[in-house]
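Numbering follows this note's numbering, with no gaps: position 130 of the sequence shown is 130.
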Amino acid sequence: MDVVPDNVATINNAFTLRNEAEKFLFTCYSYVPHDGDPNSNIGMLAGNEIWLSTSKRDLSVQAWDIARGYQTSSTVICDYWGGGNGGIRLFQGISNCNIFLENIADTNKVKDLSATERARWIGEALFLKAYYNYLLLRSFGPIPINDKNLPISASPAEVKVYRQPFDSCVNYIAGLLDSAYTLLPMTILNRGTELGRVTKPIAAAIKAKLLVLAASPLFNGNPDYANVVDNRGVHLFNSQEDNNKWIRAAAACKAAVDAANTAGFHLYYYPKSSLTNLSDATITQLNIRQAICDRWNSEKIWGLSNSRVGYLQNVTMVKLASQYSNISGARGQFGATLRMAELFYTSNGVPISEDKTLDFNQINQLRTATHEERFDVSEGYTTARLNFDRENRFYADLCFDGGVWYLLSSPSGSDEDTYTLQAKLGQYGGNNEIGYENQTGYYIKKFVDYNFSYSSNGVNVREYEWPEIRVADIYLLYAEALNESQDQPTSEVYRYIDSVRNRAGLQGVATSWTNYSKSPNKYKTKNGLREIIKQERRIEMAFEGTSYWDLRRWKDAAAEFNTAVVGWTTNQSSAISYYQPRTLFQQSFVAPRDYLWPLWINELRTNNNLVQNPGWPK
Numbered sequence: 001m002d003v004v005p006d007n008v009a010t011i012n013n014a015f016t017l018r019n020e021a022e023k024f025l026f027t028c029y030s031y032v033p034h035d036g037d038p039n040s041n042i043g044m045l046a047g048n049e050i051w052l053s054t055s056k057r058d059l060s061v062q063a064w065d066i067a068r069g070y071q072t073s074s075t076v077i078c079d080y081w082g083g084g085n086g087g088i089r090l091f092q093g094i095s096n097c098n099i100f101l102e103n104i105a106d107t108n109k110v111k112d113l114s115a116t117e118r119a120r121w122i123g124e125a126l127f128l129k130a131y132y133n134y135l136l137l138r139s140f141g142p143i144p145i146n147d148k149n150l151p152i153s154a155s156p157a158e159v160k161v162y163r164q165p166f167d168s169c170v171n172y173i174a175g176l177l178d179s180a181y182t183l184l185p186m187t188i189l190n191r192g193t194e195l196g197r198v199t200k201p202i203a204a205a206i207k208a209k210l211l212v213l214a215a216s217p218l219f220n221g222n223p224d225y226a227n228v229v230d231n232r233g234v235h236l237f238n239s240q241e242d243n244n245k246w247i248r249a250a251a252a253c254k255a256a257v258d259a260a261n262t263a264g265f266h267l268y269y270y271p272k273s274s275l276t277n278l279s280d281a282t283i284t285q286l287n288i289r290q291a292i293c294d295r296w297n298s299e300k301i302w303g304l305s306n307s308r309v310g311y312l313q314n315v316t317m318v319k320l321a322s323q324y325s326n327i328s329g330a331r332g333q334f335g336a337t338l339r340m341a342e343l344f345y346t347s348n349g350v351p352i353s354e355d356k357t358l359d360f361n362q363i364n365q366l367r368t369a370t371h372e373e374r375f376d377v378s379e380g381y382t383t384a385r386l387n388f389d390r391e392n393r394f395y396a397d398l399c400f401d402g403g404v405w406y407l408l409s410s411p412s413g414s415d416e417d418t419y420t421l422q423a424k425l426g427q428y429g430g431n432n433e434i435g436y437e438n439q440t441g442y443y444i445k446k447f448v449d450y451n452f453s454y455s456s457n458g459v460n461v462r463e464y465e466w467p468e469i470r471v472a473d474i475y476l477l478y479a480e481a482l483n484e485s486q487d488q489p490t491s492e493v494y495r496y497i498d499s500v501r502n503r504a505g506l507q508g509v510a511t512s513w514t515n516y517s518k519s520p521n522k523y524k525t526k527n528g529l530r531e532i533i534k535q536e537r538r539i540e541m542a543f544e545g546t547s548y549w550d551l552r553r554w555k556d557a558a559a560e561f562n563t564a565v566v567g568w569t570t571n572q573s574s575a576i577s578y579y580q581p582r583t584l585f586q587q588s589f590v591a592p593r594d595y596l597w598p599l600w601i602n603e604l605r606t607n608n609n610l611v612q613n614p615g616w617p618k
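Laid out in structure tokens, this is it:
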């Protein structure tokens, strides 16, 4: 009897009816990384933005092992190629996309599927295929291209694929994204069931990220890779720098900006009408915080609902009052490093090392907050000099001993006399529970929705979708690509940087540097503005997992990740002892080796046509 039991999945059965085919499409989606989960977002913990206690209680954050220098070719951490050690089998995801595309393109299959929906589904699968290739390219550099699955009858020689030259990979992925773009909808109409599925603005944004990656110093004429060849003698990298790549990237970024604008995406501002009892400072900080935490807001070009963002809030939130000192669900485990706390601008919108009007030479000098500072630092509280006179993103993203943390559940009903963190040893927010210690003294406020509240036996956490791509990211990418593609900065570059700065309550680049910087002409040159854009991106995208990949593509990782990881001395009870810088770890980044993931040694033994990345054992 030729009968397929209901509980046996076969390819033929998957493409008989629309409902079954849709399940296969969702299988293709299932390989998208869970970047809102602290255990899954590689960039969040692989660099030096966040540090943990070595006990890592209840955490399985394997990416943190990369930050501590434990990556090897025998045990590849967060391996997107083979899927091991916290990784995802992205080549398997690509293979499933190929199966889906081959079958769904056949109009004799899934006959109850409309032509319009069929085209859209093809566009989604093409995008996912491109996206998985992009993620592999970002980690490993040149990769094999699996455009069509090999048949079961393929010979051993056919299975032993080669890595393709980097520029060929880029062009291939860009072509997939272009094809997907023509088939995808501009917006999601059925918001009740389809939010998070792919649209034209998402495809345009990933193409922008791809081409910026290709134009950046790591892959654009990098001499470190000049002699990387496979066993055919094919060079896998182009050793000649090409500024046309930046021109192409700038055009793609502008297309992404235009697509986002057409679809109605823009920088998020919290509606003021519902915040009449709050100060301007708190409202500005809510603009920044809730751009991450408000559900499906105007800034989220691509929101991912596949992650445990509630869990992310648990590990970043801290106990903000003595009556909550024994509850669970506010662990405060993620500590922002002192290096990150120093990165944010002063209240004048320039780096702390450049501000000619504010002195930050002694960052741990003790100071007591005044009445005028009460919306950022609790009035009358003594804390470190570093925590005063900072921009709104510093106070929106971080909290610290003496810092103010406004929540909708504020005991006072406003930001006057609201929650204050007391984080020294023995205080209600201090390190009083083994494994749930904050190692640095800086707690990450950015990911905690202001609807978060405490209860008598725990916490109430509102889930939200992770902002995989947001408008500020694309604006700053466009500014970077435009600056690199031209000889001198133009007003268009400043326009997009300034729009992000203005949302944070800062003046524009020209005004801030002219009036407050020790280098007032820095913004007028291509090289000077490059430095400004880099810092602007690292501040705006802080802790989201973006900066780790930026530092690699800029070739700045060797300088950044060969430094000491430092925090305050959080196991002390007095202010003078607490505010002493303490080295937590000495990072080591070996260049050029660590700029690319290693291929697993077993992969090389199985397929001798693959070549290992520079510096890793073969």
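Every residue, glycine too, gets a C-beta built ideally from N, C-alpha and C.
As the structure is a prediction and not an experimental result, all values here were calculated from the model.
Check this for me: beta carbons of E465 and S305, under 9 Å apart or not? As a working note, residue 465 is residue 465 in the sequence shown. As a working note, residue 305 is residue 305 in the sequence shown. Yes, they are a contact pair.
Between P62 and D397, what straight-line distance do the alpha-carbon atoms span, to the nearest angstrom? The residue given as residue 62 occupies position 62 in the sequence shown. The residue given as residue 397 occupies position 397 in the sequence shown. The sequence shown places Gln at residue 62, not Pro. The alpha-carbon atoms of Q62 and D397 are separated by roughly 24 Å.
Let me check one thing: in DSSP terms, what residues is P581 bridge-paired to? On the sequence shown, position 581 is the one that residue 581 refers to. Paired residue(s): W568.
In the structure shown, what three-state DSSP assignment does C169 receive? Here the question's residue 169 lines up with position 169 in the sequence shown. Looking at C169 - three-state DSSP - the assignment turns out to be helix.
Euclidean distance between Cα positions of Q580 and G335: On the sequence shown, position 580 is the one that residue 580 refers to. On the sequence shown, position 335 is the one that residue 335 refers to. Each residue's alpha carbon lies about 16 Å from the other.
Quick check: the Cα distance between L177 and L184, rounded to an integer number of angstroms? To locate residue 177, count along the sequence shown from 1; it is residue 177. To locate residue 184, count along the sequence shown from 1; it is residue 184. One C-alpha to the other measures close to 10 Å.
In the DSSP assignment, the beta strand (DSSP E) including E49 goes from what residue to what residue? Mapped onto the sequence shown, residue 49 falls at position 49. Looking at the DSSP string, E49 is not in any beta strand (DSSP E), and its letter there is neither H nor E.
Closest to R538 by C-alpha separation, out of L343, V448, D487 and E468, would be which residue? The residue you call residue 538 lines up with position 538 of the sequence shown. It is L343 whose Cα lies nearest to the Cα of R538.
Which residue from M541, P151 and A341 puts its Cα closest to that of W51? Counting from one through the sequence shown, the residue named residue 51 turns up at place 51. Nearest C-alpha to W51: A341.
With a threshold of 6 Å on Cβ separation, who are the neighbours of V86 within its own chain once the five nearest residues in sequence on each side are excluded? Here residue 86 refers to the residue found at position 86 when the sequence shown is read from its first residue. According to the sequence as given, residue 86 is Gly; it is not Val. So the qualifying residues of the chain are Q62 and C78.
Near the ligand GTP: Y70 beta-carbon under 8 Å from a heavy atom: The ligand GTP is not part of the structure shown, which contains no ligands of any sort.
Paired residues, beta bridge with Y454 - DSSP: Along the sequence shown, one-based indexing puts residue 454 at 454. V459.
Please list, in chain order, all residues of the same chain as D6 whose beta carbon is under 7 Å from its beta carbon, the five residues on each side excluded. Your numbering for residue 6 matches position 6 in the sequence shown. Low per-residue confidence applies at D6: pLDDT is 47, beneath 50, and the placement is therefore not dependable, though the value from the model is reported in the following sentence. No residues qualify anywhere along the chain.
Looking only at its own chain, which residues have a Cβ that is under 7 Å from the Cβ of K148, when we skip the five neighbours before and after it? Here residue 148 refers to the residue found at position 148 when the sequence shown is read from its first residue. Once the five neighbours on either side are set aside, the close Cβ partners of K148 are N98.
What would DSSP say about F91, mapped onto helix, strand or coil? Along the sequence shown, one-based indexing puts residue 91 at 91. Note: F91 maps to helix in three-state DSSP.
Test item: CB-CB of Q92 and Y162 under 9 Å: The residue given as residue 92 occupies position 92 in the sequence shown. The residue given as residue 162 occupies position 162 in the sequence shown. Their beta carbons are not under 9 Å apart, which means Q92 does not touch Y162 by this criterion.
In whole angstroms, give me the CA-to-CA distance for R593 and W81. For this step, residue 593 is matched to residue 593 along the sequence shown. For this step, residue 81 is matched to residue 81 along the sequence shown. Distance between the alpha carbons of R593 and W81 is about 17 Å.
Unbroken stretches of the beta strand (DSSP E), 3 residues or longer, contained in the stretch 367–392: 382–384
Count the CB pairs spanning the stretch 501–509 and the stretch 306–326 that are closer than 8 Å, and state whether there are at least three. no
Using DSSP's beta-bridge definition, name the partner residues of V229. Here residue 229 corresponds to residue number 229 of the sequence shown, with the count starting at 1. Beta-bridge pairing links V229 to H235.
Report yes or no: do three or more beta-carbon pairs, one from the stretch 207–215 and one from the stretch 165–177, lie closer than 8 Å? yes
Ignoring anything shorter than 4 residues, give me the alpha helix (DSSP H) runs that lie fully in the stretch 236–265, in order along the chain. 244–262
My guess is that S325 and Y172 are in contact by the Cβ rule of under 8 Å, so how many angstroms apart are they, rounded? On the sequence shown, residue 325 is found 325 positions in, with the first residue counted as 1. On the sequence shown, residue 172 is found 172 positions in, with the first residue counted as 1. Between Y172 and S325 the Cβ distance is about 56 Å, and since that is not below 8 Å, they are no contact.
C-beta contact flag for D37 and S307 at 9 Å: As a position in the sequence shown, residue 37 is number 37, starting the count at 1. As a position in the sequence shown, residue 307 is number 307, starting the count at 1. It is a contact, given that the beta carbons lie within the stated cut-off.
Once you ignore the five residues that flank N679 on each side, which residues in its own chain have a CB closer than 7 Å to its CB? Residue 679 lies beyond the range of the chain shown here (1 to 618); nothing can be said about it.
Out of L338, E372 and K618, which one is the CA nearest neighbour of F585? Here residue 585 corresponds to residue number 585 of the sequence shown, with the count starting at 1. Nearest of L338, E372 and K618 to F585, Cα basis: L338.
Write down every uninterrupted run of the beta strand (DSSP E) in the stretch 315–341 whose length is 3 residues or greater and which is fully enclosed by it, in chain order. none
Just to check my reading of the structure: A67 and Q535 have Cβ atoms closer than 8 Å, yes? What is that Cβ distance to the nearest angstrom? Taking the sequence shown and counting its residues from 1, one reaches residue 67 at position 67. Taking the sequence shown and counting its residues from 1, one reaches residue 535 at position 535. Not confirmed; about 21 Å, so no contact.
Can you have a look at L135 and say buried or exposed, based on whether 16 or more other CB atoms are within 10 angstroms of its CB? Counting from 1 along the sequence shown, the entry for residue 135 is found at position 135. It is buried - the Cβ of L135 has at least 16 other Cβ atoms within 10 Å.
Enumerated in chain order, which unbroken segments of the alpha helix (DSSP H) with a length of 4 residues or greater are wholly contained in the stretch 113–153? 115–140
Can you tell me the Cβ-Cβ gap for G528 and N438, rounded? I've got them flagged as a contact below 8 Å. Mapped onto the sequence shown, residue 528 falls at position 528. Mapped onto the sequence shown, residue 438 falls at position 438. No, G528 and N438 are not in contact; Cβ-Cβ is about 36 Å, not under 8 Å.
With C-beta atoms as the reference, is D417 less than 9 Å away from L278? Taking the first residue of the sequence shown as 1, we reach residue 417 at position 417. Taking the first residue of the sequence shown as 1, we reach residue 278 at position 278. Contact: no.
Between which two residues does the beta strand (DSSP E) holding G303 run? Within the sequence shown, the letter at position 303 stands for residue 303. K300 to L304 is the extent of the beta strand (DSSP E) around G303.
Using a Cβ-Cβ cut-off of 9 Å, state whether D242 counts as contacting chain D. Going by chain labels, chain D is absent from the structure shown, which holds only one protein chain.
Which residue's Cα is closest to the Cα of T27: W121, G69 and D35? Against the sequence shown, residue 27 aligns to sequence position 27. Out of W121, G69 and D35, W121 has the C-alpha closest to the C-alpha of T27.
For L210, the three-state DSSP class (helix, strand or coil): Along the sequence shown, read from residue 1 onward, the residue named residue 210 stands at position 210. Three-state result, L210: helix.
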